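Chains as they are written, first to last, in the working numbering: chain A, 1 to 645; chain B, 1001 to 1281.
For each residue, glycine too, the CB sits at the ideal point set by N, CA and C.
Since we're looking at a predicted model, the values are computed, not measured.
Worksheet: one structure, shown below.
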Amino acid sequence: MLQLLLFGCIVFPFLLALAAAMSKNEGTRRTVVLTGVGGTALSALGLALNGGFWLPVPPESWLNGFMTLLDFALLGFILYLAISLKHRLSILLALGQTAGLLYLDFGLVSGHVSSAFYADPLALAMVLVVSFVGGVICIYGLGYMKEHEEHLRLITTRQPRFFFFMLLFLGAMNGLVLTDSLPWLFFFWEVTTLCSFMLISHDGTREAKNNAIRALWMNLAGGLAFVAAMLFLYKSIGLLSIQAVLRINAVAGLEMAFLSLPLAFFCLAGFTKSAQVPFQSWLCGAMVAPTPVSALLHSSTMVKAGVYLVLRLSPAFAGTTLASLVALVGAFTFVTTSALAVGQSNGKKILAYSTIANLGLIIACAGIGTPEAITAAILLIIFHAVSKGLLFLCVGAIEQHIGSRDIEAMRGLCQIMPATALITVIGICSMMLPPFGALLAKWMALEAAATSITLMPVLVLFIAMGSALTVLFWARWAGMLLGLNPVGHRPVQEQQDSTVSLSLRILAGGVVALSLLVPFIYLGLRDSIRELFGVGALYDVNMGVFANGIGMFAVYPLFILLGLGVVYALRAMRKAEGRVTALPYLSGIQQIENGKVGFNGPLGEFTEVTNANYYLHHWFGEERLTGTINTIALVLMVIMVGGLL
Amino acid sequence: MATFLLALAAVLVAGPMGGLLAGADRIVTARLQSRKGPPLFQPFYDVLKLFGKAPCVSNPWLIFSAYVCLLSSATALLLFFMQGDLLLLFFVMTVGAVFRVAGALSVPSPFGNVGAQRELLQMLAYEPLIILTFVGMSLASGSFLIADIYSLEDPLLPQLPFLFIALGYALTIKLCKSPFDIASSHHGHQEVVRGVLTDYAGPQLALLEMAHWLDVVLILGLCALFWHTSPTGMVVLLAATYALEILIDNCTSRMTWTWMLKNAFGLTLVLAVFNILWLYA
């Protein structure tokens, strides 16, 4: 049964990806994608209900040889790709990876290494996020890509290729989180690199190609760090299993020195994949891809692989200098990319920087490494995936309707796309306000930072500044969306493909439902976190109130109070709808003409009023900040790795 | 449940208290300007009058935002009286601040929009200061729960003098008092009219006014935590703080948001971090 469920989560999406690649007509493709998504999601659910497991693969199993073969086949393909792109750096990085892996497999390792599939609640939560959020994004892709290609006026559809890589991505992510063997994990890791390259370059424009190449070489550099980490690890402990690394630390209580080098390289690999500064540019560039790709990369897959790896290994380096540096890099990323987001008016770019910021917060939690911090990190992964997936899908739907992804163009969206605008506002609130789960996680993170042993003042300062910046760019976006035409407001019916509107509603409902279920999610995770740290503390949950002796977060009471209040406010608001009596204040000379608000200018000429946000480019502009941020971050990276060599 | 009902009752009492404070504030301010000033209950008459106005909104979301603002202020105060978590209280306060701005941004009035942008920058200034103050309190008391601060033997002020100043700044910014009445001034005759409040009218403005009363009480309550050991100490500290607040309000003129972020915020942030480092080391 377990084997079947694993097959359903990992291999089934791969097979359906092949089927999608071969289905040339729309009907079959729909069926294939829906089957793939449904099958994967059901298997994921089954796996989660089945609970944690440890499934060793005997050394003599064919699977080991097969995975090695796949590793080299993949690297060979990436090398071929790099050569055909004539991108020297990528060629070198791919060659480096191949050489390292050859040395590892045939120089160092004698005989077979035992490998295993492994799942604990963290892995299962990841599988659920990947399969469900990723699945919804794929379904949304069906409607989105149809319109996207109509817009591009393509003669032959490129959707088979598109859905091939989308489904492949889901399978690879599931494989990545369910395997304990590092060489296998490396295979899935590089599959996600390949998929993201293919999907970013999907539209084939010059910009898409350039950005895809940037994503490729940065992630290949991370892959090289991964290979180096495996080499160092095998040299020091002779094993390539994550659990072995964690056990060594727990059992022997040995001096960690011989582990810190491989761990630092694994963290470096995680940073590149999670686009931490100074590697943020590949993820910002990735938004040239069709929106479902951005949604997938940013929410449930790709970037979450990086934080997963760092989080997974965090107990092994808890309390060391490496941990402090990891926390610092994460907190630094959180505050700097939040500042960069303030300077942006491009909706997708705001989302991109916000993703990087949240990943930074997760990394910071992994570095802080207390049970509370790890809980915060896992909850952030889950809630960020749902909310960010939702917001990307919203921006995609908005862009297809109004032809712009600039938030200035979204003023008064409530008028043209009432449902989508409202869902977007819910998504925004779910990122930053109580009683939503993401805020609960942020609260845990802040309290964990405040009680962290090393670097506490710096971490707290960075997180406090970062979260204030976050509120700034979210709040103004939400406000702009709520605009309505003052007089003659008539609700309009939105025209959307059913897959698009359905996915938006599923994710919006999901974020509320998950926030309500958060006590249960936490209880599901608690024992494994306690086990990992061997402590009994952590939060007690009573009637939906989280408490741990130094803090208290009342989820259900707040839900009830704020929920009732919001319902009342909505009713009060509905009563006034259609009875709008005033125009916006324009010094008393406000006018309305053809539904547009303005005033009569000096020559009696009607002038429409326009507003714009403060983006403060001289403070928060990319060109202003990026150089400094990258320099500081690079120094941090050099200290992290160089300090240990 | 008993705590909840008691706290709820306290919130209901706190509202009128905040109104009385606003009335007293106006009288003191008038005296400082050699005027007689309005009666003590003037804020209540104002609010009642606003409630009596015919609804006049240019976007129904203004109504929603005004209610959510009041709700958030009341819930934050409720958490305070229930001696809950300081950070949670702060996050609940944010809900109201966000919707106050969101409401203003939903209307295409340039006055409201400029006010909203400035309010966002004010939030950017006071939020980190408040978080740092709460972290400082938790360093001193070992917990983020207000209940645990009350169980301390010694007052917090001698340990957190710089954070008290930082909180003072933060609260002046939050309450839009001069020199930080940048997003919305008390008088509607300045360059941004009433800024972020411009398009809130009638009953909505009354709701926001009531939310403001609750905020004042909450903020004074937070200041009182710095001398929780004796009621006299509390009253003296609060009276001194509020008197200073009124004095500053009256003898400073409005500064720009750049000045606020560069000078006031920068300096205060240094003070706050210094205080935390001092406790941490």
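For the alpha helix (DSSP H) that B/TYR1280 lies in, which residues bound it at each end? For B/TYR1280, the enclosing alpha helix (DSSP H) has its first and last residue at 1266 to 1280.
Nearest-angstrom Cα separation, counted from B/LEU1070 out to A/LYS575: 19 Å
Pull up the CB-CB distance for A/PHE392 and A/VAL511, whole angstroms please, since I reckon it's below 8 Å. The pair is not a contact, with the Cβ atoms about 13 Å apart (cut-off 8 Å).
Taking a cut of 7 Å between CB atoms, which residues from the segment 1023 to 1037 of chain B lie near chain A? none
Leaving out five residues on either side along the sequence, give the residues of the same chain with a beta carbon under 7 Å from the beta carbon of A/TYR614. none
Let me know the secondary structure DSSP gives A/MET552 once reduced to three states. strand
Local Cβ density within 10 Å of B/GLU1119, reported as buried at 16 or more and exposed below that: buried
8 Å Cβ shell around A/ARG30 - same chain, five flanking residues per side excluded: LEU142
Buried or exposed for A/GLU593, going by 16 or more other Cβ atoms inside 10 Å? Residue environment: A/GLU593 is assigned as exposed (fewer than 16 neighbouring CB atoms within 10 Å of its CB, all protein chains considered).
Expressed to the nearest angstrom, what Euclidean distance is found between the alpha-carbon atoms of A/LEU233 and A/LEU6? 27 Å
Who are the neighbours of B/SER1109 on chain A, taking C-beta pairs under 7 Å? PRO584, TYR585 and LEU586
Return helix, strand or coil for A/ALA119, following the three-state DSSP convention. strand
What's the gap between the Cα of A/VAL641 and the Cα of A/MET431? 33 Å
Rounded to the nearest angstrom, what separates B/LEU1222 and A/PRO434 at their Cα positions? Cα to Cα, B/LEU1222 sits roughly 21 Å from A/PRO434.
Alpha carbon to alpha carbon, what distance is there between A/ARG214 and A/TRP282? 6 Å
Straight-line gap, B/LEU1139 to A/ARG312 (C-alpha atoms, nearest Å): 30 Å
Under 9 Å, CB to CB, which of the residues in the segment 1041 to 1073 of chain B have a partner in chain A? ALA1054, PRO1055, CYS1056, VAL1057, SER1058, ASN1059, PRO1060, TRP1061, LEU1062, ILE1063, PHE1064, SER1065, ALA1066, TYR1067, VAL1068, LEU1070, LEU1071 and SER1072
Assuming B/GLY1136 and B/LEU1163 form a contact by the criterion Cβ under 8 Å, report the distance between their Cβ atoms to the nearest whole angstrom. 4 Å
Spell out a yes or no on whether the segment 326 to 340 of chain A and the segment 620 to 627 of chain A are touching, meaning 3 or more CB-CB pairs, one atom from each, closer than 8 Å. yes
Which two residues bound the contiguous alpha helix (DSSP H) that contains A/VAL32? Run containing A/VAL32: 26 to 50, per the alpha helix (DSSP H) assignment.
Identify the continuous alpha helix (DSSP H) that holds A/THR98 and give its terminal residues. It spans 88 to 102 - the alpha helix (DSSP H) in which A/THR98 sits, taken as one unbroken run.
Starting from the N-terminal side, write out each stretch of the beta strand (DSSP E) that is 3 residues or longer and does not extend beyond the segment 450 to 537 of chain A. none
Could you check whether A/ILE137 and A/PRO292 sit closer than 7 Å to each other, using their CB atoms as the reference points? yes
Closer than 7 Å, CB to CB, is A/VAL597 near chain B or not? Yes, A/VAL597 counts as interfacial toward chain B.
Residues that DSSP places opposite A/ASP540 in a beta bridge: A/ALA547
Pair within 7 Å by beta-carbon distance, A/GLY466 and A/PHE334: yes
Measuring CB atoms only, is the segment 1097 to 1115 of chain B touching the segment 1061 to 1070 of chain B, in the sense that at least three cross pairs come out at less than 8 Å? yes
On the three-pair Cβ rule with 8 Å, is the segment 1020 to 1036 of chain B touching the segment 1245 to 1253 of chain B? yes
In whole angstroms, what is the alpha-carbon distance linking B/PRO1268 and A/LEU224? Reading the sequence as shown, one finds Thr at residue 1268 of chain B and not Pro. Those two C-alpha atoms are separated by around 45 Å.
Just mark B/PRO1039 as buried or exposed, buried being the case when its beta carbon has 16 or more other beta carbons within 10 Å. exposed
Inter-residue Cα distance where the pair is A/LEU390 and A/ALA513: 14 Å
By the three-class DSSP mapping on this structure, what secondary structure does A/PRO56 have? strand
Proximity test, Cβ basis, 7 Å: B/LEU1005 and chain A: no
Integer Cβ distance of A/LEU79 from A/THR98, believed to fall under 8 Å: Taking C-beta atoms under 8 Å as the contact rule, A/LEU79 and A/THR98 qualify, at a distance of about 7 Å.
Using the Cβ count rule (16 or more neighbours within 10 Å means buried), how would you classify A/ARG247? exposed
Does the CB of A/VAL129 have a neighbour CB from chain B at under 7 Å? no
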